[in-house]
Structures are given as C-alpha cells and as structure tokens.
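Enquirer:
Protein chains: 2
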Amino acid sequence: MDKDGSGSRSHFEAMHFVEDVGLLLERQGIPRMAGRIIGWLLICDPPHQSASQLAQVLGASKASISTMTRLLIEMSLVEQVGVPGQRRDHFHIKPGAWDEVMRETLDEIVLGRQLADRGLELLERKPAELKQRLREAREVYAFFEEEYPALLERWEKTRKKTLR
Amino acid sequence: MDKDGSGSRSHFEAMHFVEDVGLLLERQGIPRMAGRIIGWLLICDPPHQSASQLAQVLGASKASISTMTRLLIEMSLVEQVGVPGQRRDHFHIKPGAWDEVMRETLDEIVLGRQLADRGLELLERKPAELKQRLREAREVYAFFEEEYPALLERWEKTRKKTLR
DNA sequence: TAATTAGTTTAGTCAAGACTGAACATATTA
DNA sequence: TAATATGTTCAGTCTTGACTAAACTAATTA
Chain A
2 MDKDGSGSRS HFEAMHFVED VGLLLERQGI PRMAGRIIGW LLICDPPHQS
52 ASQLAQVLGA SKASISTMTR LLIEMSLVEQ VGVPGQRRDH FHIKPGAWDE
102 VMRETLDEIV LGRQLADRGL ELLERKPAEL KQRLREAREV YAFFEEEYPA
152 LLERWEKTRK KTLR
Chain B
2 MDKDGSGSRS HFEAMHFVED VGLLLERQGI PRMAGRIIGW LLICDPPHQS
52 ASQLAQVLGA SKASISTMTR LLIEMSLVEQ VGVPGQRRDH FHIKPGAWDE
102 VMRETLDEIV LGRQLADRGL ELLERKPAEL KQRLREAREV YAFFEEEYPA
152 LLERWEKTRK KTLR
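Protein chains in written order, with the working numbering: chain A, 2 to 165; chain B, 2 to 165.
Have a look at this one:
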C-alpha cells in the first residue's frame, strides 16, 4: 500500500481534488500553488510532507515550494514539524487552521464598517436620502461586526462536541 | 455648490475614499477600477452617474468603464437607471447590493463544505486520525452553512428597524 | 441626411506577480 | 574534510488580465 494517500487508481481523483482546492483558494486571493499545497496536505499520508516531497508530487520547483510554504506559515495555515529520524523539517496543516480563516473574516468586516463611516463623514452635510446607499452598507457591516464574534464562540463550543 | 459630492476642499478626501474602496474590494477579487466605480457611486451627488461622468471623474477610459459597469451589473452590485431628460443610461448602486454580497458568502461556504466532503471520500479507508485535518475543515464549513441563513434572516429583520 | 454625442467592441499594450533554473548556503554523513 | 542531500535566494521568464486607443455602432439633433 502506498504512502501518498491514494492508490494509483484514485491518484487521478486525488490530483483533481488538489487542483480544485487550488482554484477555491485562489478566489480568496491565495496563489494557486499555495492552494495546491494546502490541498495535498489535506489528503496525504502521512499528513506531514517535506519540501522535496511537495515539489515532486505537485510538479513544482523547490523555489516555489519554499516561497509558498513560507507564505502559508505566515498565514498560520501551515506549520513546520520535526519528524524523528528525518533530516529536515516537514510541513502539515496547522491544527485549528480553519478557525483562523474564519477569524480573519472578522477583520475584513471591521475594515468595511470603518470605511463606510469615513464615507458617511464625507456626506455629513448632505440630505438623508443621499446617505441611504452608504448607511445600508454601513449597517450590514455593523450588524456582522456585532454578531460574528458570538457566532465564532458558538462554533468553538460546537467544535468540542463534534470533533474528537 | 457643486454636484459631485464634494467641495473642492474635500475633493481630495473623496478621491482617497474612492481609492480605498478600490483597494478593499480588490482583496475580494474585484478589479481595482470596478471597486473605484463602487466607491464613487457611494458618495457622488447625484447618486446616479453616466458612463462618461465616471470616466472623467475616475480618469479612466470609456472602454474600461463600459467593461467594469457590465461586470458590476452582472454581480448585482450596480444597476442601470433611466434619468428623465437625459439621453443615455446612468448607473447607481443597486439597493440591497450589500445583502447580495453577504448572500454570496454563503455560496463559498457551501463550495468549501462540498470540497471537504470530496476529500473525505478519498480518505474513506484510512484511519480516523488521518481524516482529522479534513474533518475539521468540513465541520467549520458545515457549521457556517447551517448558521449563516439564520444570520441573514436576522439581518433582514434588523434592517427594517435600522434603515428608513 | 449630415453632424454630433454616447457607448461598445476589438486588438493590442503593459504591469504584476507566479513560477522556474541556477547559484548559493547549510547541514549531515562518510 | 570531502561528498551528498536539503532548502533558500536571486535573477529572469512567462502568463494573466486590467486597461487603453481607436474603430465601430447606435441614437439623437439639426
């Protein structure tokens, strides 16, 4: 039995999965290759992989892997792990990575609300109907800014029940 | 009094606002110029503008405005409006545009959950500990997929109180 | 119908940045 | 220390897509 998370039969499906994760994350502004690394680290066996393994499986240069793993570590999505009896560092999906992703959404929301407020200041002396557009945007952001933390907290609770 | 939403005194701030909206939306994968159009349409007076007005204010080509307004209409963020006594169509922020943005978030979440499920199928015959990473991702998405619609609904209610 | 104005389409330019190869560093093993 | 294996940095290539100029279409006015 192979150690790469797929019999050669399902190797095609595995690579297809990797590619689709790359596509999905690209839409969130993450470079394609970084997304592929995430995709592979989600399904590989063992769950940690060295830089050269990643380069080989994904058909990418060492340089690209080096740059993208650094980016992913910076984003707190990937972690380096030492593997006993192995020379160099390996990478794996950082536990709790997805919580981090969801938490970052909150930052975007806050930025949006703040920007809307700035816009409203520009319209200070204008009639209410002109402010309507921006008030709408502001209120959406403000609502989510208020609700989102509670949602995250509820997730933390649910999480402990669902996983492990 | 000028009709562009800013005295020349505050013209600089207005353009700065426009630029920042462009930057914020660019991070969501919307082209810079499209973001600028949104930014300007949020603060201009009157709230509807013709293609040539947009081109002039934003210092962009007619072609770019034409392409980007089409994109924004496609995304349901902007609408065409007829203005009595004016030759051609004008554009304005579509009322409820931000609701639409929030609703699209749900699509992303669903896609994420589905993709995680596909990954889990690939690991079907593997031990539970190997599935842990993906289960975590899946459960986060699943949680939001379940909670998000209720959140949107609560927003719809709050909205009617807050606005108008 | 000619002249003017408004907007779209097309073909092409340009810039950003993802990615690579090769030189360089660092550590491990012999 | 030499030889090998692993990873990083740098300089340059290549692709993508945002943007423009100019030709084209359509509508309005004279």
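In this text, a Cβ means the ideal position worked out from N, Cα and C, and glycines have one as well.
All values reported here derive from a predicted model rather than from experimental measurement.
Using the Cβ count rule (16 or more neighbours within 10 Å means buried), how would you classify Ala-132 (chain B)?
Expert: The question names Ala, but residue 132 (chain B) in the sequence shown is Lys. Counting Cβ neighbours within 10 Å, Lys-132 (chain B) comes out buried, since at least 16 surround it.
Enquirer: Check whether the Cβ atoms of Ile-110 (chain B) and Leu-43 (chain B) lie closer than 8 Å to each other.
Expert: Result no, Cβ atoms of Ile-110 (chain B) and Leu-43 (chain B) do not sit closer than 8 Å.
Enquirer: Between A:Asp-21, A:Leu-25 and A:Cys-45, which has its C-alpha nearest His-91 (chain A)'s C-alpha?
Expert: Of the listed residues, the one whose Cα sits closest to His-91 (chain A) is A:Cys-45.
Enquirer: Please report whether the beta-carbon of Glu-107 (chain A) lies at a distance below 8 Å from any beta-carbon of chain B.
Expert: Note that residue 107 (chain A) is Leu in the sequence shown, not Glu. Not an interface residue.
Enquirer: What does the Cβ neighbour count give for Gly-83 (chain A), buried or exposed, with the cut at 16 atoms within 10 Å?
Expert: Result: exposed.
Enquirer: Taking a Cβ distance cut-off of 9 Å, strictly less, list which residues of the segment 74-96 of chain B are near chain A, in chain order.
Expert: Flagged, chain order: His-93, Ile-94 and Pro-96.
Enquirer: For Ser-51 (chain A), go through chain B and note every residue whose CB falls closer than 8 Å to its CB, in chain order.
Expert: Near Ser-51 (chain A) there are no residues of chain B at all, since even the closest Cβ is about 17 Å away, more than 8 Å.
Enquirer: Leu-55 (chain B) to Ser-77 (chain B), Cα distance in whole Å?
Expert: For Leu-55 (chain B) and Ser-77 (chain B), the distance between alpha carbons rounds to 18 Å.
Enquirer: Under DSSP, the alpha helix (DSSP H) around Glu-137 (chain B) begins and ends at which residues?
Expert: Segment 129-163, the alpha helix (DSSP H) holding Glu-137 (chain B).
Enquirer: Could you please give me the residues that DSSP links to His-93 (chain A) through a beta bridge?
Expert: A:Glu-80, per the DSSP bridge assignment.
Enquirer: Across which residues does DSSP place Ser-51 (chain B) in a beta bridge pair?
Expert: Ser-51 (chain B) is bridged to B:His-91.
Enquirer: Helix, strand or coil for Gly-30 (chain A)? Go by DSSP, reduced to three states.
Expert: Reduced to three states, the DSSP call for Gly-30 (chain A) is coil.
Enquirer: Relative to the alpha-carbon of Leu-116 (chain A), which residue among A:Met-34, A:Met-16, A:Val-141 and A:Gly-97 has its alpha-carbon at the smallest distance?
Expert: Looking at the Cα atoms, A:Val-141 is the closest of the given residues.
Enquirer: From which residue to which residue does the alpha helix (DSSP H) around Lys-60 (chain B) run?
Expert: It is worth fixing the name first, because residue 60 (chain B) is Gly in this sequence and not Lys. Gly-60 (chain B) -> no alpha helix (DSSP H), and no H or E assigned at all.
Enquirer: Would you tell me roughly how many angstroms separate the C-alpha atoms of Leu-25 (chain A) and Pro-85 (chain B), rounded to the nearest one?
Expert: The alpha-carbon atoms of Leu-25 (chain A) and Pro-85 (chain B) are separated by roughly 44 Å.
Enquirer: Who are the neighbours of Glu-157 (chain B) on chain A, taking C-beta pairs under 7 Å?
Expert: The contacting residues do not exist; Glu-157 (chain B) stays about 10 Å from chain A at best.
Enquirer: What residue does the alpha helix (DSSP H) around Glu-109 (chain B) start on, and which one ends it?
Expert: Note, Glu-109 (chain B): alpha helix (DSSP H), 98-123.
Enquirer: According to DSSP, is Asp-21 (chain A) helix, strand or coil?
Expert: Helix, per DSSP.
Enquirer: Determine, using beta-carbon pairs with one atom in the segment 100-109 of chain B and one in the segment 61-70 of chain B, whether at least three such pairs fall under 8 Å.
Expert: Contact fails: fewer than three Cβ-Cβ distances are below 8 Å.
Enquirer: Classify Arg-37 (chain A) as helix, strand or coil using the three-state DSSP reduction.
Expert: Looking at Arg-37 (chain A) - three-state DSSP - the assignment turns out to be helix.
Enquirer: Going along the chain, which residues of its own chain have a beta-carbon closer than 7 Å to the beta-carbon of Arg-139 (chain A), five neighbours each way excluded?
Expert: Within the same chain, Arg-139 (chain A) has close Cβ partners Arg-114, Ala-117, Asp-118 and Leu-121.
Enquirer: Using the Cβ count rule (16 or more neighbours within 10 Å means buried), how would you classify Gln-81 (chain A)?
Expert: By the neighbour-count rule (16 or more Cβ atoms within 10 Å), Gln-81 (chain A) is not buried but exposed.
Enquirer: When DSSP labels each residue in this structure, what does Arg-71 (chain B) get in the three-state scheme?
Expert: Residue state, collapsed to three classes: helix.
Enquirer: If you drop the 5 nearest sequence neighbours on each side, which residues of the same chain put their C-beta closer than 6 Å to that of Arg-37 (chain A)?
Expert: These residues qualify, in order along the chain: Val-19, Gly-23 and Leu-59.
Enquirer: Short check: CB of Glu-137 (chain A) to CB of Trp-99 (chain B), under 8 Å?
Expert: In contact: Glu-137 (chain A) and Trp-99 (chain B) (Cβ atoms closer than 8 Å).
Enquirer: If we count the other Cβ atoms within 10 Å of its Cβ and call it buried at 16 or more, is Gln-57 (chain B) buried or exposed?
Expert: Under this definition Gln-57 (chain B) is an exposed residue.
Enquirer: Note down, in chain order, each residue of its chain lying with its Cβ closer than 6 Å to the Cβ of Pro-48 (chain A), except the 5 sequence neighbours on either side.
Expert: Hits under 6 Å: His-93.
Enquirer: Can the beta-carbon of Leu-123 (chain A) be found less than 8 Å from the beta-carbon of Ala-15 (chain B)?
Expert: Against a cut-off of 8 Å, the Cβ pair of Ala-15 (chain B) and Leu-123 (chain A) comes out as a contact.
Enquirer: Thinking C-beta only, is Thr-159 (chain A) closer than 8 Å to Phe-144 (chain B)?
Expert: For Phe-144 (chain B) and Thr-159 (chain A), yes; Cβs fall inside 8 Å.
Enquirer: Please work out which residues of its chain come closer than 8 Å, Cβ to Cβ, to Trp-156 (chain A), disregarding the five sequence neighbours upstream and downstream, and give them in chain order.
Expert: Same-chain partners within the cutoff: Asp-100 and Met-103.
Enquirer: Tell me, please, whether the CB atom of Val-22 (chain A) is closer than 8 Å to any CB atom in chain B?
Expert: Yes, Val-22 (chain A) counts as interfacial toward chain B.
Enquirer: Since Ile-44 (chain B) meets chain A, which of its residues come closer than 8 Å, beta carbon to beta carbon?
Expert: Result: Gly-120, Leu-123, Leu-124 and Leu-135.
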